[in-house]
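Student: The sequence shown begins at 1 in UniProt numbering and counts up one residue at a time.
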Amino acid sequence: MAAKDPYRYFRIEARELLDALELQVQGLAKGEPAADLMARLLRAAHTLKGASRVVKAISMAEAAHGLESLLAPFRDGPGPPPTEALEQAVALLSGLRRELDHLGQAAPHASAIAGLPQQATAQTPPPGTASKPLAESLQTLRVEIGQLDRLLESVAEAVLPVGQVDLGVLQLIELAQGLEQSSGELRAERLDALAGQLRRLSSQFSQAAERSRGSLDALRREATELRLLPASLVLEPLKQTLDDACQTLDKRISLSIRGGEFRLDAHVLLPLRDALIQLVRNAASHGIEDAALRQARGKPAEGSIEVSLERRGDRIRFHVRDDGAGIDLDAVRQAAISKGRLSPEQASAAGETQLYALLLDGGLSTAREVTAIAGRGVGLDLVREAVRRARGELSIRSHPGRGCEFLLDVPPSLVAVDVLVVESGRLRACLPLHNVRQALRLPSSAIEHSDSGDRIVIDQQLYPLRRLHSFHSAVEPSSAPFCSVLLLSAGEARAALQVDRLIATREAVVRPLPAVLGNLQLVAGASPDLNGDPLPIFNPDALIQAIVFDKAPPTQRRPVQVLPPILVIDDSLTTRMMEQSILESAGYEVDLAESAEQAFEMARARRYGLFVCDVEMPGMNGFEFVRLSREDADLRQVPVVLVTSLNKPEDKQRGMQAGAADYIVKSEFEQQRFLSTVARLLG
């Protein structure tokens, strides 16, 4: 029987990271917006470096560190790195690929990493025993979780008819009540009998729906339980991480771990592993002082780091504490000034919360020198992103001279979440119920308007406030005498959100957004309503940050532009909702049509500024729609953008000859290019 490969999980993760790094370098070479690409690239390189160190792939860790060193100086630049730097990055990535291919070979081989001096050429030693359970467990789960996801998806689909039965029951009850009210006017005996039958039917429907709901809920709970893993799988490797850091830094630090028995969703644990590794490294490098300095301050020569878990309501809280020096806020201010993030005046006035937010934003480091452990300002950016992917919240508590604590609050599972469904303008959306502290009905006069934005005072506490649909469309002043306000919390942050209507609370099955949407910070996922249409689930942490740090006055946040609406025409629900989400997030008003024939009917009833149309549809296709709309006196001035999977040159030529204003192939769809095209055509 062949021996198990100790690098199995690392190989999978490293290939995924290298794939991402290569795409990001290619994007920079193509001239795509550099800021987001650079941030993601440096996070991926940082993660690869950390993962390589965990499995003792030292030459790969050094190469990933070299990639960081090469590109970090260009992080805050106005454009992409120069061509020479990108060429060196490509060479490093090619070398990393070769090194990964040769990982674990029995015979020593020459280092495959070009461009790094004095690279180790000996065979990479096998990983420590602490990392084996994680690799082997998650390797097995990587296959099985996909099956469980499909099972849970099927359960979610099966739940929808239960809601439809509920609606049918309500309709039957209303019909029975109507018949009872009219029984004196019509044949009383017959109507009474019919009303009795309807009552019996509605009772049977209700009982059947309740039984189905109970069975499906039990099935979902069982399937969800199968996804849960002990937290010890990500806690135990921290010992090796700290040992490596102590050896590099020449420090003595003990590590205490509690709470490994807590069970969480694998999709929560995977991103948290990287976050915890980074926080332990940060504590060792930034937090714990040298032995001589600790003794001079009356502390033991050996530093201490504690990682623990506790349950808080329906969440699991990770604590990462150290007994070091705490965060030096003056050093953060100086780093922010030197990086151009704050002016000296702003830095002087900045409070603790704002400075912590700057640290988490990435690109800022208080380390005095750059080492393999710290100094590039990538670490906390990685932590924040990992916690966001786990749909958690991150907060910081620092005690000068006594230490620092990071709090990571995460849900045990990402499958389902209790939400409050709300309506704001034309937007219907979900908010995680855990983050809704209070729902209030207040007179509109309670809202204070100022140059720094709207705000409201509740129980002598000031909350910045914003209307929910102002994040994706212009907001007209409201004349309603009363308004609905939600008080939201995420970690230590607080804010108020104004909505038009509270619809219901329910358990929502969370589905990821289509990859083509990119990274929408405000939206954590989507959940189907009773009709199967997706409702966005807002990320409460990002939502609160957007409210708190939006200081522009309401009239300046979203200038009211009188733009005609856009009609999206596609027979695919997924494509319609994807394009609607992109356009509405950019501030446009959008209507949807399932066919070209329906689009013509809608265009006769309402004036549109742009048509976004598929080509291959039942009935009239997109080419015909373009041709006929160009022949219509009322529609010929409305531009048409064809968005289609047809990618042959002759297809594009046919569309442009028919009169299309632009032709976008779905396989090459880029959100920014799409929005630029829309903005150009709407003038």
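Even for Gly, the Cβ is constructed at its ideal location relative to N, Cα and C.
Give me the Cα-Cα distance between residue 752 and R388, rounded to the nearest whole angstrom.
Tutor: No answer is possible for residue 752: the residues shown for the chain start at 1 and end at 683.
Student: Find the nearest neighbour of E423 within the set R15, L486 and P481, judged by alpha-carbon distance.
Tutor: The residue with the shortest Cα to Cα distance from E423 is L486.
Student: DSSP has G403 in a bridge; who is on the other side?
Tutor: In DSSP, G403 forms a bridge with H399.
Student: Grab me the residues of S395's own chain with a C-beta within less than 7 Å of its C-beta, minus the 5 sequence neighbours each way, in chain order.
Tutor: Excluding residues within five positions, the ones whose Cβ falls inside 7 Å are L407, G491 and E492.
Student: Can you tell me where the alpha helix (DSSP H) with V615 in it begins and where it stops?
Tutor: It is not in any alpha helix (DSSP H) - V615 carries neither H nor E in the DSSP assignment.
Student: Among the candidates N435, D418 and L355, whose CA atom is the shortest distance from the CA of R397?
Tutor: Comparing Cα positions, the closest option is L355.
Student: Assign F10 to buried or exposed, taking buried as 16 or more other Cβ atoms, counted over all protein chains shown, within 10 Å of its Cβ.
Tutor: F10 is buried by the Cβ-count criterion.
Student: What beta strand (DSSP E) runs, 3 residues minimum, are completely inside the region 292-370?
Tutor: Listed in chain order, they are 303-312 and 315-322.
Student: Are V280 and T241 closer than 8 Å when you measure CB to CB?
Tutor: Their beta carbons are under 8 Å apart, which means V280 touches T241 by this criterion.
Student: Do you know offhand how far R15's Cα is from R40's?
Tutor: R15 and R40: Cα-Cα distance of roughly 16 Å.
Student: Around the Cβ of V457, are there at least 16 other Cβ atoms within 10 angstroms (buried) or fewer (exposed)?
Tutor: V457 should be labelled exposed.
Student: Classify K49: buried if its beta carbon has 16 or more other beta carbons within 10 angstroms, exposed otherwise.
Tutor: Burial call: buried.
Student: Alpha carbons only, please: which of H469, Y463 and R501 is nearest the one belonging to C483?
Tutor: Per the Cα distances, R501.
Student: Does the distance from the CB of L75 to the CB of L42 come in under 8 Å?
Tutor: Here residue 75 is Arg; the residue named in the question, Leu, does not match the sequence. Yes, the Cβ-Cβ distance between R75 and L42 is below 8 Å.
Student: Do you know whose CA, among L468, L462, R511 and P443, lies nearest P481's CA?
Tutor: For P481, the nearest C-alpha among the options comes from P443.
Student: From the DSSP output, which residues share a beta bridge with I173?
Tutor: Note: I173 sits in no beta bridge, so no partner.
Student: Compare the Cα-Cα distances from A91 to each of D651, D36 and V25 and report the closest residue.
Tutor: Residue V25 is the option with its Cα nearest to A91.
Student: Among S232, A63, S595 and L583, whose alpha-carbon lies nearest the alpha-carbon of Q672?
Tutor: Considering only alpha carbons, the answer is L583.
Student: Just verifying my parser: in three-state terms, what is the DSSP assignment at S206?
Tutor: Of the three classes helix, strand and coil, the one that applies to S206 here is helix, per DSSP.
Student: Please work out which residues of its chain come closer than 7 Å, Cβ to Cβ, to L17, disregarding the five sequence neighbours upstream and downstream, and give them in chain order.
Tutor: Within the same chain, L17 has close Cβ partners A44, T47 and L48.
Student: Decide if R604 is buried, meaning its Cβ has at least 16 other Cβ atoms within 10 Å, or exposed.
Tutor: It is exposed - the Cβ of R604 has fewer than 16 other Cβ atoms within 10 Å.
Student: Out of curiosity, what's the CA-to-CA distance linking R98 and A63?
Tutor: Each residue's Cα considered, the two are about 12 Å apart.
Student: Counting Cβ pairs closer than 8 Å, one from the region 292-301 and one from the region 260-271, do we hit at least three?
Tutor: Because the criterion of three Cβ pairs below 8 Å is not met, the region 292-301 and the region 260-271 do not touch.
Student: Short of 7 Å in beta carbon distance, which residues of its chain neighbour F623, apart from the five on each side in sequence? Order them along the chain.
Tutor: Only V615, R654, G655 and A658 meet the Cβ criterion.
Student: Hey, could you find the ends of the beta strand (DSSP E) A429 is sitting in?
Tutor: L427 to P432 is the span of the beta strand (DSSP E), which, as asked, contains A429.
Student: Under 8 Å by Cβ, that's how I've got R428 and V419 pegged, so tell me the actual separation to the nearest angstrom.
Tutor: Contact flag wrong, Cβ pair sits at about 12 Å.
Student: Can the beta-carbon of A546 be found closer than 8 Å to that of F471?
Tutor: Yes. Within cutoff.
Student: Considering just the uninterrupted stretch of the beta strand (DSSP E) at residue 692, what are its terminal residues?
Tutor: It is not possible to answer for residue 692, since the shown part of the chain is limited to 1 through 683.
Student: For Q545, does the three-state DSSP call read helix, strand or coil?
Tutor: Three-state result, Q545: helix.
Student: Less than 8 Å between the C-beta atoms of A542 and P534, yes or no?
Tutor: In this structure, P534 does not lie closer than 8 Å to A542 by Cβ.
Student: Would you call the CB atoms of S304 and D330 closer than 8 Å?
Tutor: Result no, Cβ atoms of S304 and D330 do not sit closer than 8 Å.
Student: In its own chain, which residues sit with a C-beta less than 8 Å from the C-beta of P230, not counting the 5 before and 5 after it?
Tutor: Contacts found: G260, E261, F262 and R263.
Student: Looking at E13: is its Cβ nearer than 8 Å to the Cβ of A51?
Tutor: Yes. Within cutoff.
Student: Is it buried or exposed, S202, if we count other Cβ atoms within 10 angstroms and call 16 or more buried?
Tutor: With 16 or more other Cβ atoms within 10 Å, it is buried.
Student: Quick one, are the C-beta atoms of L360 and D381 less than 8 Å apart?
Tutor: Yes.
Student: Could you check whether R273 and V234 sit closer than 8 Å to each other, using their CB atoms as the reference points?
Tutor: Taking 8 Å as the Cβ cut-off, V234 and R273 qualify as a contacting pair.
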